[in-house]
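The listed protein sequences derive, respectively, from chains A and B. Under the working numbering, the residue at position 110 of the first sequence is numbered 110, and the numbers go up by one with no gaps. For the working numbering, count along the second sequence from 1 and bump the result up by 1000. Inspection log for the structure reproduced underneath, given as structure tokens.
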Amino acid sequence: MDIYRAHVLCCGGTGCSSSGSAQLIERFEQKIKENGLDKEVKVIRTGCFGLCEAGPVVIVYPEGTFYSRVKVEDVDEIVTEHLLKGRKVQHLVYSDHATHEQNANKGLAEINFYKHQHRIALRNCGVIDPENIDEYLAFDGYKALEKALTSMTREQVIDEILKSGLRGRGGGGFPTGLKWKFAAASVADQKYVACNADEGDPGAFMDRSVLEGDPHAVLEAMAIAGYAIGASEGYIYVRAEYPIAVKRLEIAIGQAREYGLLGENIFETGFNFDIKIRLGAGAFVCGEETALMRSIEGKRGEPTPRPPFPAVKGLFAKPTMLNNVETYANVAQIILNGADWFAAMGTEKSKGTKVFALGGKINNTGLVEVPMGTPLRTIIYDIGGGIPNGKKFKAVQTGGPSGGCLPAELLDTPVDYDNLIAAGSMMGSGGMIVMDEDNCMVDIARFFLDFTVDESCGKCAPCRIGTRRMLEILERIVNGKGEEGDIEKLENLAKTIKATALCGLGQTAPNPVLSTIKFFRHEYEAHIRDKKCPAHHCQALLNYVIDPEKCRGCTACARVCPGGAISGEVKKPHSIDPSKCLKCGACMEKCRFGAISKV
Amino acid sequence: MPDMKDKYEQLNQVIAELKDQPGALMPVLQKAQGIFGCVPMDVQKIIAEGLGVTLSEVYGVATFYSQFRLEPNGKYTISVCLGTACYVKGSQKVLDRLSEELGTPVGKTSPDGLFTLNATRCLGACGLAPVMTINDEVYGRLVPDDIPGILAKYREKEQA
Chain A
1 MDIYRAHVLC
11 CGGTGCSSSG
21 SAQLIERFEQ
31 KIKENGLDKE
41 VKVIRTGCFG
51 LCEAGPVVIV
61 YPEGTFYSRV
71 KVEDVDEIVT
81 EHLLKGRKVQ
91 HLVYSDHATH
101 EQNANKGLAE
111 INFYKHQHRI
121 ALRNCGVIDP
131 ENIDEYLAFD
141 GYKALEKALT
151 SMTREQVIDE
161 ILKSGLRGRG
171 GGGFPTGLKW
181 KFAAASVADQ
191 KYVACNADEG
201 DPGAFMDRSV
211 LEGDPHAVLE
221 AMAIAGYAIG
231 ASEGYIYVRA
241 EYPIAVKRLE
251 IAIGQAREYG
261 LLGENIFETG
271 FNFDIKIRLG
281 AGAFVCGEET
291 ALMRSIEGKR
301 GEPTPRPPFP
311 AVKGLFAKPT
321 MLNNVETYAN
331 VAQIILNGAD
341 WFAAMGTEKS
351 KGTKVFALGG
361 KINNTGLVEV
371 PMGTPLRTII
381 YDIGGGIPNG
391 KKFKAVQTGG
401 PSGGCLPAEL
411 LDTPVDYDNL
421 IAAGSMMGSG
431 GMIVMDEDNC
441 MVDIARFFLD
451 FTVDESCGKC
461 APCRIGTRRM
471 LEILERIVNG
481 KGEEGDIEKL
491 ENLAKTIKAT
501 ALCGLGQTAP
511 NPVLSTIKFF
521 RHEYEAHIRD
531 KKCPAHHCQA
541 LLNYVIDPEK
551 CRGCTACARV
561 CPGGAISGEV
571 KKPHSIDPSK
581 CLKCGACMEK
591 CRFGAISKV
Chain B
1001 MPDMKDKYEQ
1011 LNQVIAELKD
1021 QPGALMPVLQ
1031 KAQGIFGCVP
1041 MDVQKIIAEG
1051 LGVTLSEVYG
1061 VATFYSQFRL
1071 EPNGKYTISV
1081 CLGTACYVKG
1091 SQKVLDRLSE
1101 ELGTPVGKTS
1111 PDGLFTLNAT
1121 RCLGACGLAP
1131 VMTINDEVYG
1141 RLVPDDIPGI
1151 LAKYREKEQA
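Below, the structure written as structure tokens:
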């Protein structure tokens, strides 16, 4: 193996790739060669570092210098200054949003964003080259599989997972060990292990990052699961919208087969296990376990009633054990370090860590992994760096279309499965979208219902018809045509749908509406009774006005108005005719004196 | 057209390769869309015959999943992310502006056949919100006023 004096780690996750990290890597390699450093410095394309806000991210080791928002033009400077002369490029070093500190000597672990994190599922993301199995092996890769196969019985493996307290990270929170136990107890000539990588919650991208940054961790865990339940075949069902993840999985499976870590007679124990990839085709409902299995079978992804549970009759009518990507990402570590090590982290009923995808109105957009029980406030303010542009926090949405919006009063809630449900939301897959004072909560509820109506598979009436009726009422309200009694109608419909829908999609679809009614009822009432949107978001309920004190009569607004609604003489205050105003907001964007506002 | 004949041959090869594995219909449809750019009725008929399933089953699957198209897309497919993170940062306004500039409702192709405008689910590039893609090109941190300039770039390329 060649030894290098320095390593340049470039993030090759989807976020950073979208902002041009592939071109960065190319340029780095070219420049390093031009400067004759190619025997001394190695460029590595890693998985996601997590701090997507700062992307594309580049880290130079051994110093651990953290460069952010690096552009192709910056590469020459990093190569000639840092790599050639050993001088860090100060102006490209990551600057902390909150403290504006730009310290080139601070390692990742000391930066606010990472300080509070504890990485288990993401431990290799941004550290190793995901397309090189040797790097995974160097970080204890496939050691857990070896341990399980050569020194543990099936029962011991299942027992270890049970004792660890690991619960399903896809949202349901069902104890993983129990799932394994049920599947192991089923008797059949063929069983399957499946991995749910159909990450569909908007704003959640932790599974993608694990697959892109550490695909072998998932393969290893699936093989361990196969041994535990007695299955020789595994399926990974992954979204087709994740091309980088699919490609790295394919590479990883190929390398694992080559090394004999997948295939026949693994570690010469007589255990056979292999994995196939199946691509989704854009249907949110396929994240539901029975629908996902129908889709792997090549059918319409419609859920089926349970029982029979998949552990008894699943894929191709055989016993099947399905876990989510992040759940699998914890398994090898539990086998290696023991159940007690894992169970020491987290809260009473939620053990270990959870990955959250922070997004929306927050300074540090990205992926964070924290111990269960970490308060929302720590995640949003200490790690996330708070709300940009001095705006006020209004709500945080967790659990995607199945979850709810939590207000500022609940910011000190320690985040775990049970606390979030008690607060009227849920963990879901771990999306966490922050909203500020400019976001209208009624419109957010409408946004999520629009999503569910679109994604409802149509099989059961409560979901197909009920969610549409709810959406119609919400659309009426945001358009200023809400009526007295609408809130009660929504609550009624919500109750019925929750009680009668066939699958998790329908049963949880009303949650965004219920939680916003619970915590932001005044916003609903303002829309319905006063015909006002307190956040000044809903177009039908707002008017643009010009403050005559501030208006200089520059005519910029009148010239940009597409509806000819603004009149006034030059150098005299202008005014807007509300009957002609299209409420496009073009005038407000154009005004340089801050004279136009929404009321 | 020799080109089309070639494509049908490719399709038949795909069917022959995959037909014996369980659950072959979805992978075959995905490959077929890769070959033809969409899965129109005649392609579905060939798949149904090749796999020995009814046409209604093929049509049922092709119309269930949003990824499958029965009609071809424009030369450039614009996908605006309407995931939550993008939505709270104003992606709806970006989409509205595109629809206005192209004179095309969402989900349709512009009259000149150049652009297909889609609203998509979360692309997972939340750090760049609001985000859109035009074919494989990613545009992030957008405001509606960026749109005319971006479209002009593609139109100029076509005229050249």
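Glycine included, C-beta positions come from ideal geometry on N, C-alpha and C.
- Less than 8 Å divides the Cβ of Met432/A from the Cβ of Thr398/A.
- Listed along chain A, the residues sitting closer than 7 Å to Cys1122/B by beta-carbon distance are Pro202, Gly203.
- Within its own chain, the residues whose Cβ lies closer than 6 Å to the Cβ of Ala339/A, once the five positions on either side in sequence are excluded, are Glu160, Lys163, Ser164, listed in chain order.
- Contact between the segment 269 to 288 of chain A and the segment 1006 to 1013 of chain B is absent: fewer than 3 CB-CB pairs across the two stretches fall below 8 Å.
- C-alpha of Lys179/A to C-alpha of Ala228/A: approximately 11 Å in a straight line.
- The DSSP-derived three-state label of Thr1120/B is strand.
- By the neighbour-count criterion, in which 16 or more other beta carbons inside 10 Å mark a residue as buried, Glu264/A falls on the exposed side.
- Annotation: Cβ neighbours of Leu1128/B in chain A (cutoff 7 Å, chain order): Gly15, Ser18, Ser19.
- A Cβ of chain A is located within less than 8 Å of the beta carbon of Gly1060/B.
- Identification of residues in the segment 1025 to 1039 of chain B having a C-beta nearer than 7 Å to some C-beta of chain A yields Leu1025, Met1026, Gln1030, given in sequence order.
- The residues Phe113, His116, Val368, in chain order, have a CB closer than 6 Å to that of Ile383/A in the same chain once the five nearest residues on each side in sequence are set aside.
- The straight-line gap separating the alpha-carbon atoms of Leu514/A and Thr555/A is approximately 46 Å.
- Apart from sequence neighbours up to five positions away, the residues of its chain that approach Ser68/A with a beta-carbon distance below 7 Å are Ala54, Val57, Tyr94, ordered along the chain.
- Of all residues in the segment 163 to 181 of chain A, none has a C-beta nearer than 7 Å to a C-beta of chain B.
- Per the coordinates, the alpha-carbon of Gly107/A lies some 30 Å from the alpha-carbon of Ile335/A.
- Under the criterion of beta carbons closer than 8 Å, Lys459/A and Glu302/A qualify as touching, at roughly 5 Å.
- For Thr347/A, same chain residues with a beta-carbon under 6 Å away, outside a window of 5 residues either side, are Met372, Gly373, Asp416 in chain order.
- Identification of chain A residues near Val1138/B by a Cβ-Cβ cut-off of 7 Å yields Ser18, ordered along the chain.
- Rounded to whole angstroms, Pro548/A and Met588/A show a C-alpha spacing of 14 Å.
- The contact set of Gly1050/B on chain A, defined by CB atoms closer than 8 Å, is empty, because the minimum CB distance reaches about 13 Å.
- When only Cα atoms are considered, Tyr237/A and Asn105/A end up about 42 Å apart.
- Rounded to whole angstroms, the gap between the alpha carbons of Gly564/A and Glu472/A is 32 Å.
- In this structure, the beta-carbon distance from Pro562/A to Ala586/A falls below 8 Å.
- Scanning Ile253/A, Val478/A, Phe205/A, Gly226/A for the CA closest to the CA of Arg239/A turns up Phe205/A.
- Note: Pro175/A is bridge-paired with Arg167/A in the DSSP secondary-structure output.
- Ser1079/B carries a strand assignment under DSSP once its states are collapsed to helix, strand and coil.
- By alpha-carbon distance to Leu9/A, the top candidate from Val127/A, Ser19/A, Asp76/A is Val127/A.
- Residue pairing of Leu9/A in beta bridges, as defined by DSSP: Ile44/A, Ile59/A.
- If you look at Ala256/A, you'll find it in the alpha helix (DSSP H) that goes 243 to 258.
- DSSP links Gln333/A through a beta bridge to no other residue.
- Asn364/A sits close to Leu51/A, with the two beta carbons spaced by under 8 Å.
- Arg278/A carries a strand assignment under DSSP once its states are collapsed to helix, strand and coil.
- In this structure, Glu220/A sits away from Leu166/A, with a CB-CB distance that is not shorter than 8 Å.
- Gln333/A and Leu261/A have their C-alpha atoms some 17 Å from each other.
- Under the 8 Å criterion on CB atoms, Glu53/A is classed as interfacial with respect to chain B.
- Under the three-state reduction of DSSP, Leu122/A is assigned to coil, being neither helix nor strand.
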